[in-house]
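Novice: If you scroll down you'll find the structure; I have some questions about it.
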Amino acid sequence: MMTIPATIDFTIHSVADEPADDSSYASVSDAHFADTRSGGIASSVTELIGDTPLVRLNRVASDVDATIAVKVEYLNPGGSSKDRIAQRIIEAAERSGQLKPGGVIVEPTSGNTGVGLALVAQQRGYRTIFVLPDKVSESKRAVLRAYSAEVVVTPTNVEPQDPRSYYQVSDRLARTIPGAFKPNQYSNENGPLSHYETTGPEIWRDSEHRVTHFVAGIGTGGTISGTGRYLKEVSDGAVTVVGADPEGSIYSDPANVHVYDIEGVGEDFYPKAFDQSIPDSIVQISDEQAFLMTRRLAREEGLLVGGSSGMAVAAAVQYARDHHLAADDLVVVLLPDSGRGYLDKIFDDEWMRAHGYADVVEATTPEPLVGADGEVRVPANVIGGTGTDVASDAKEASSVTA
């Protein structure tokens, strides 16, 4: 019987299973995973990409019978699953001659792909310029700059064809900067391939071949397409692939596309990297549902993750409940990134209230033990508590004694 650890297991394993042969998808080899990670000192930070652990969810999934485990991608060195695609895209561009020594990488990104590209690029001597929509948090922009990237910010609420959109601005920069290479994660086949070759096999291996459902958010579509395809092939179609999508995205409701607050997921067009035949179903999740689950994951499971991760877990729990998944079902959910890039948004009570999420704040904020006046208070839900002010109780006791 398989056991998913309640805490993170950092053991590095080797890959035992190969994917089905396909001319358009490279085969997976043991060497891809851990030649240089079997022990000792890594020669570069990029050798630490991949082999992220699976962790069982306990409290937030307590009302469903199925086991829900999460793949913690923020343990990649750049802090997200995008490290995987960045490494493969850059290596492929070098082999093809598209990226030459001293070149400049230009890409439209919500942040995580930029971090991955910057991480790999600086190890190889390339400069990076990233174009971001203005809804991307300032803390995520600061991370990109910390990796020596240049950041260009554009309006969020414009059409993709608008010359101000981050797609069009990045195209213009790539055309005019000498030696520029645009990875174009939205149509680059190396994005899905990176997940087909690494993420999928890791899940199959670490679940001991027992995974029954895979849930992931859909952004560029590379993660769900590559990982989902591998899991379907290796299981002879037994694994069900479920997409998670924010309200306002084209994937779950093409007739009602509008702005939403969750970052790094959903789209207003269909990228070439997204294989629409892979997801068996798509679950739509609101900003409020996603942010509530995001905060719960931090406060109840010890997993400080971003809004797209909260969205994916909310979708997994909803799917498991709606489809009456049983105790022998194992749902694996991919958590793309850390919550450290969202401390000034999702985890900031004032930002949440200002953007209409006061109910989420109230639902995830315990009654304080210390009041604004510095007095210690004991809420009724604390052991021995009566919901009273300790200082007031002391004064009352003193007056009675006198």
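All residue numbers for the sequence shown refer to UniProt numbering, where the first residue is 1 and numbers rise by one.
Backbone N, C-alpha and C fix where the C-beta goes; we use that ideal spot for every residue, glycine too.
Quick caveat: nothing in here was measured; it's all calculated off a predicted structure.
Below 7 Å CB to CB, which residues in the same chain sit around Arg59 once its five sequence neighbours on both sides are set aside?
Specialist: Translated into positions along the sequence shown, residue 59 becomes position 59. If we look at Arg59 and ignore the five residues flanking it on each side, its Cβ neighbours are Glu300 and Glu301.
Novice: Going by Cα to Cα distance, which pick from Pro336, Val131, Val120 and Ser249 is closest to Leu48?
Specialist: To locate residue 48, count along the sequence shown from 1; it is residue 48. Proximity to Leu48 across Pro336, Val131, Val120 and Ser249 peaks at Val120, based on C-alpha coordinates.
Novice: Buried or exposed, going by whether 16 or more other CB atoms sit within 10 Å of the CB of His195?
Specialist: Walking along the sequence shown from the start, residue 195 turns up at place 195. Answer is buried; the Cβ neighbour count reaches 16.
Novice: Assuming Phe291 is part of the alpha helix (DSSP H), what are its boundary residues?
Specialist: If you number the sequence shown from 1, residue 291 lands on position 291. Segment Asp287 to Glu301, the alpha helix (DSSP H) holding Phe291.
Novice: Quick one: give me the first and last residue of the alpha helix (DSSP H) that residue 407 is part of.
Specialist: In this structure the chain extends from 1 to 402, so residue 407 is not present and cannot be described.
Novice: Looking at C-beta atoms only, is the number of pairs between the stretch 153 to 166 and the stretch 76 to 89 that lie closer than 8 Å three or more?
Specialist: Segments in contact, no.
Novice: Checking the sheet assignment: what are the DSSP bridge partners for Leu132?
Specialist: Taking the first residue of the sequence shown as 1, we reach residue 132 at position 132. Its beta-bridge partners are Val153.
Novice: Indicate whether the contact test is met: 3 or more Cβ pairs, each with one atom in the stretch 238 to 254 and one in the stretch 338 to 352, closer than 8 Å.
Specialist: no
Novice: Whose CA, out of Ala69, Ala372, Thr294 and Ile105, lies closest to the CA of Pro178?
Specialist: Along the sequence shown, one-based indexing puts residue 178 at 178. The residue with the shortest Cα to Cα distance from Pro178 is Ile105.
Novice: How would you call Asp21, buried or exposed, if buried means at least 16 neighbouring beta carbons within 10 angstroms?
Specialist: As a working mapping, residue 21 is identified with position 21 in the sequence shown. Residue placement at Asp21 cannot be trusted, given a pLDDT of 45 that sits under 50; what the coordinates show is reported in the next sentence. Asp21 should be labelled exposed.
Novice: Pull up the CB-CB distance for Gly266 and Thr227, whole angstroms please, since I reckon it's below 8 Å.
Specialist: Position 266 of the sequence shown, counted from the start, is the residue given in the question as residue 266. Position 227 of the sequence shown, counted from the start, is the residue given in the question as residue 227. Actually they are not in contact, since the Cβ atoms of Gly266 and Thr227 sit about 18 Å apart, beyond 8 Å.
Novice: Whole angstroms are fine: how far does the CA of Asn76 sit from the CA of Ala93?
Specialist: Stepping through the sequence shown from its first residue, residue 93 is reached at position 93. Stepping through the sequence shown from its first residue, residue 76 is reached at position 76. Their Cα atoms are separated by approximately 22 Å.
Novice: Along the beta strand (DSSP E) that carries Asp322, what are the first and last residues, could you check?
Specialist: Counting from 1 along the sequence shown, the entry for residue 322 is found at position 322. Asp322 -> not in any beta strand (DSSP E); alpha helix (DSSP H) instead, spanning Gly307 to Asp322.
Novice: Hey, would you say His213 sits closer than 8 Å to Asp329, going by beta carbons?
Specialist: Start at 1 with the first residue of the sequence shown, and residue 213 comes out as number 213. Start at 1 with the first residue of the sequence shown, and residue 329 comes out as number 329. At a Cβ-Cβ threshold of 8 Å, His213 and Asp329 count as neighbours.
Novice: According to the neighbour-count rule (16 or more other Cβ atoms, all chains shown, within 10 Å of its Cβ), is Tyr230 buried or exposed?
Specialist: The residue given as residue 230 occupies position 230 in the sequence shown. Under this definition Tyr230 is a buried residue.
Novice: Classify Glu247: buried if its beta carbon has 16 or more other beta carbons within 10 angstroms, exposed otherwise.
Specialist: The sequence position of residue 247 within the sequence shown is 247, counting from 1. When all chains shown are included, Glu247 counts as buried.
Novice: For Ala363, I'd like the list of residues in its chain whose CB is within less than 7 Å of its CB, leaving aside the five on either flank, ordered along the chain.
Specialist: Walking along the sequence shown from the start, residue 363 turns up at place 363. Cβ neighbours of Ala363 beyond the five flanking positions: Leu292.
Novice: Using the Cβ count rule (16 or more neighbours within 10 Å means buried), how would you classify Glu107?
Specialist: Counted from its first residue, the sequence shown places residue 107 at position 107. Flag for Glu107 reads buried.
Novice: Helix, strand or coil for residue 406, going by three-state DSSP, please let me know.
Specialist: Nothing about residue 406 can be read from this structure; the chain reaches only from 1 to 402.
Novice: Between the alpha carbons of Thr220 and Gln185, how many angstroms are there, rounded?
Specialist: Here residue 220 refers to the residue found at position 220 when the sequence shown is read from its first residue. Here residue 185 refers to the residue found at position 185 when the sequence shown is read from its first residue. Taking the straight line from one Cα to the other gives about 7 Å.
Novice: Would you mind working out which of Val370, Phe347 and Ala372 sits nearest Val361, comparing C-alpha positions?
Specialist: By one-based count along the sequence shown, residue 361 stands at place 361. Nearest C-alpha to Val361: Phe347.
Novice: Mark Ser43 as exposed unless 16 or more other C-beta atoms lie within 10 angstroms of its C-beta, in which case mark it buried.
Specialist: Here residue 43 corresponds to residue number 43 of the sequence shown, with the count starting at 1. Exposed: under 16 other Cβ atoms inside 10 Å.
Novice: From Val305 to Val70, what does the alpha carbon distance come to, in whole angstroms?
Specialist: For the purposes of this step, residue 305 is identified with residue 305 of the sequence shown, where counting begins at 1. For the purposes of this step, residue 70 is identified with residue 70 of the sequence shown, where counting begins at 1. Approximately 11 Å between the Cα atoms of the pair.
Novice: Do Gly79 and Val136 have their C-beta atoms closer together than 8 Å?
Specialist: Here the question's residue 79 lines up with position 79 in the sequence shown. Here the question's residue 136 lines up with position 136 in the sequence shown. Against a cut-off of 8 Å, the Cβ pair of Val136 and Gly79 comes out as no contact.
Novice: Do Thr128 and Ala142 count as a contact pair if the criterion is CB distance below 8 Å?
Specialist: Working through the sequence shown from its first residue, we reach residue 142 at position 142. Working through the sequence shown from its first residue, we reach residue 128 at position 128. Taking 8 Å as the Cβ cut-off, Ala142 and Thr128 do not qualify as a contacting pair.
Novice: Once DSSP output is grouped into helix, strand and coil, what is the label at Ile68?
Specialist: Counting from one through the sequence shown, the residue named residue 68 turns up at place 68. DSSP places Ile68 in strand when its eight states are reduced to three.
Novice: Thinking C-beta only, is Val234 closer than 8 Å to Val331?
Specialist: Taking the sequence shown and counting its residues from 1, one reaches residue 331 at position 331. Taking the sequence shown and counting its residues from 1, one reaches residue 234 at position 234. Contact flag unset, no.
Novice: Relative to the alpha-carbon of residue 404, which residue among Ile41, His209, Gln122 and Ala244 has its alpha-carbon at the smallest distance?
Specialist: The structure shown has nothing for residue 404, since the chain only spans 1 to 402.
Novice: What does a CB cutoff of less than 7 Å around Asp280 pick up in its chain, not counting 5 residues either side in sequence?
Specialist: Start at 1 with the first residue of the sequence shown, and residue 280 comes out as number 280. Take Asp280, set aside five residues on each side of it, and the residues of its chain with a beta-carbon closer than 7 Å to its own are Thr240, Val241 and Val242, in chain order.
Novice: Which of the three DSSP states is assigned to Val169 in this structure?
Specialist: Numbered from 1 along the sequence shown, position 169 holds the residue referred to as residue 169. Looking at Val169 - three-state DSSP - the assignment turns out to be helix.
Novice: Closest to Asp287 by CA distance: which of Lys272, Ala314 and Val131 is it?
Specialist: Counted from its first residue, the sequence shown places residue 287 at position 287. Comparing Cα positions, the closest option is Ala314.
Novice: What are the start and end residues of the beta strand (DSSP E) that includes Gly179?
Specialist: Translated into the one-based positions of the sequence shown, residue 179 becomes position 179. Careful: Gly179 lies outside any beta strand (DSSP E) and carries neither H nor E.
Novice: What are the complete beta strand (DSSP E) segments, minimum 3 residues, inside the stretch 206 to 239?
Specialist: 213 to 217
Novice: Can you tell me whether Val60 is helix, strand or coil according to DSSP?
Specialist: In the sequence shown, the residue the question calls residue 60 occupies position 60. The answer is coil: DSSP assigns Val60 none of H, G, I, E or B.
Novice: Where Leu335 and Ile285 are concerned, what is the direct C-alpha to C-alpha distance, given to the nearest angstrom?
Specialist: For the purposes of this step, residue 335 is taken as the residue at position 335 of the sequence shown. For the purposes of this step, residue 285 is taken as the residue at position 285 of the sequence shown. Rounded to whole angstroms, Leu335 to Ile285 spans 15 Å at the Cα level.
Novice: So, at 8 Å on beta carbons, what are the nonlocal neighbours of Ala6 in its own chain, with the 5 sequence-adjacent residues on each side left out?
Specialist: On the sequence shown, residue 6 is found 6 positions in, with the first residue counted as 1. Low per-residue confidence applies at Ala6: pLDDT is 48, beneath 50, and the placement is therefore not dependable enough to give any value.
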